[in-house]
Amino acid sequence: MWYNLPACRQAGLRTRIIKDNTVGSQSKVNLAYIAGFLDGDGSLMLQIKKRKDGKSKRRFMCTICFYQDSRHEKPLYWIRRILGIGYLSRRNDGMSELRINGFKQVRDIIKDLLPFIRFKKEQAKSLLKAADLLTKKSGNLSKNDLFKLVDCIVVIQKNNYATKKKKTRKDLLKILDLTP
């Protein structure tokens with residue numbers, strides 16, 4: 001039996017579901033498991049990246065990332081199969097990561113996972129808000145939109161563990177030429 005998750009439908013992908021005797025649908029069980037994995041070994045990111053082409057010198061990037069020791073990376077392949085999207089890579093430090101990029105893709109996956117996310121709910125809501133705005137506005141962001149996106153970045157990075165220094169709201173506004 002094939003089941004189309006909302007995120008997969010948007011991308012024109014199908015996900016296989018297996019019938020079993022558990023309470024609730026298998027797709028919800030899978031989403032709950034993936035959300036738990038994200039809560040424990042994942043990160044949600046909204047970044048400003050430099051752009052070489054185009055009229056704008058900056059672009060936004062939404063990312064969902066799952067991490068796992070490379071010796072135990074099988075769950076990452078399973079998550080990619082269930083969600084129907086993502087890039088898997090092995091890092092030099094013995095970790096593997098599954099990355100999902102794209103405003104629309106991230107928005108749709110976060111919508112599906114949000115009811116099951118426990119510890120990163122605030123970050124997920126902010127990333128969903130940003131991804132939704134970026135999906136709708138495409139490249140026509142107003143100053144007000146940019147301020148909203150900066151606020152989302154601040155909320156997300158405030159709750160993220162980071163090994164390098166985080167940018168302040170003031171730094172972010174300066175990067176986007178929003179300072180007087």
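If you count the sequence shown from 1, position 135 lands on 135 in full-length UniProt numbering, and the numbers rise without skipping. The beta carbon of each residue, even a glycine, is placed where N, CA and C say it ideally should be.
- Per the C-alpha coordinates, the member of N159, K165, K158 and L149 positioned closest to L173 is L149.
- K49 carries a strand assignment under DSSP once its states are collapsed to helix, strand and coil.
- It is roughly 16 Å from the alpha-carbon of R58 to the alpha-carbon of A130.
- In the structure shown, Y161 adopts coil according to DSSP, grouped into three states.
- Between I79 and I153, the gap from beta carbon to beta carbon reaches 7 Å or more.
- A Cβ-Cβ distance of about 6 Å is found for the pair I85 and Q105, placing them in contact under the 8 Å criterion.
- Distance from the CA of E122 to the CA of F116, rounded to the nearest whole angstrom, comes to 13 Å.
- Under a 10 Å Cβ-count criterion, N30 is classified as buried, with 16 or more other Cβ atoms of the shown protein chains found around its own Cβ.
- Distances from the alpha-carbon of I156 to those of K120, S138 and T179 put K120 closest.
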